[in-house]
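Engineer: For my numbering, add 3 to where a residue sits in the sequence shown, where the first one is 1.
Where a beta carbon is used, it is the ideal one built from N, C-alpha and C, also for glycine.
Note that the coordinates shown come from a computational prediction; the quantities given were computed from them, not determined experimentally.
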Amino acid sequence: MLHAAQGLDRSLALEAVRIHYVTSPDRIMPAHVNNLALQIRKDRAEREPAVDRELRQLQHDLKHGLVRGDAQLGGLPIGGWMGNLFPARMR
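(1) Measure how close the beta-carbons of A40 and L11 come, nearest whole angstrom, since I'm counting them as under 8 Å.
(2) I'd like the span of the alpha helix (DSSP H) that includes S14, first residue to last.
(3) At the level of alpha carbons, what is the spacing between V70 and D64?
(4) According to the neighbour-count rule (16 or more other Cβ atoms, all chains shown, within 10 Å of its Cβ), is L58 buried or exposed?
(5) What's the call for E49, buried or exposed, on a 16-neighbour Cβ count within 10 Å?
(6) Return helix, strand or coil for V36, following the three-state DSSP convention.
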């Protein structure tokens with residue numbers, strides 16, 4: 004499938020098809036689906052609150068093993084942090 008190669012899920016591709024047929028009388032082509040889907044994804048990302056975006060990114064990183072979460076801290080990746088918790092000026 005073309006949308007899988009572009010990293011687009013099926014629902015996003017179908018939404019792009021729906022928008023294309025509402026806004027254009029032209030025959031749909033794969034480039035139309037890709038371009039519209041990317042526009043939809045960008046629009047959704049711009050509307051998403053920063054907190055939700057950061058949580059989604061953390062969940063993605065944990066899922067793919069990019070960050071190890073600490074179970075005692077709700078899965079947050081700060082348990083094994085080695086460093087100074089307070090800057091020098093706060094000591």
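Structural biologist: This is what the structure holds:
(1) As a working mapping, residue 40 is identified with position 37 in the sequence shown. As a working mapping, residue 11 is identified with position 8 in the sequence shown. Indeed they touch by this definition, with Cβ atoms about 5 Å apart.
(2) On the sequence shown, residue 14 is found 11 positions in, with the first residue counted as 1. Counted as a single uninterrupted DSSP element, the alpha helix (DSSP H) harbouring S14 occupies residues R13 to T26.
(3) Translated into positions along the sequence shown, residue 70 becomes position 67. Translated into positions along the sequence shown, residue 64 becomes position 61. The alpha-carbon atoms of V70 and D64 are separated by roughly 6 Å.
(4) As a position in the sequence shown, residue 58 is number 55, starting the count at 1. Burial call: exposed.
(5) On the sequence shown, position 46 is the one that residue 49 refers to. E49 should be labelled exposed.
(6) By one-based count along the sequence shown, residue 36 stands at place 33. Helix at V36.
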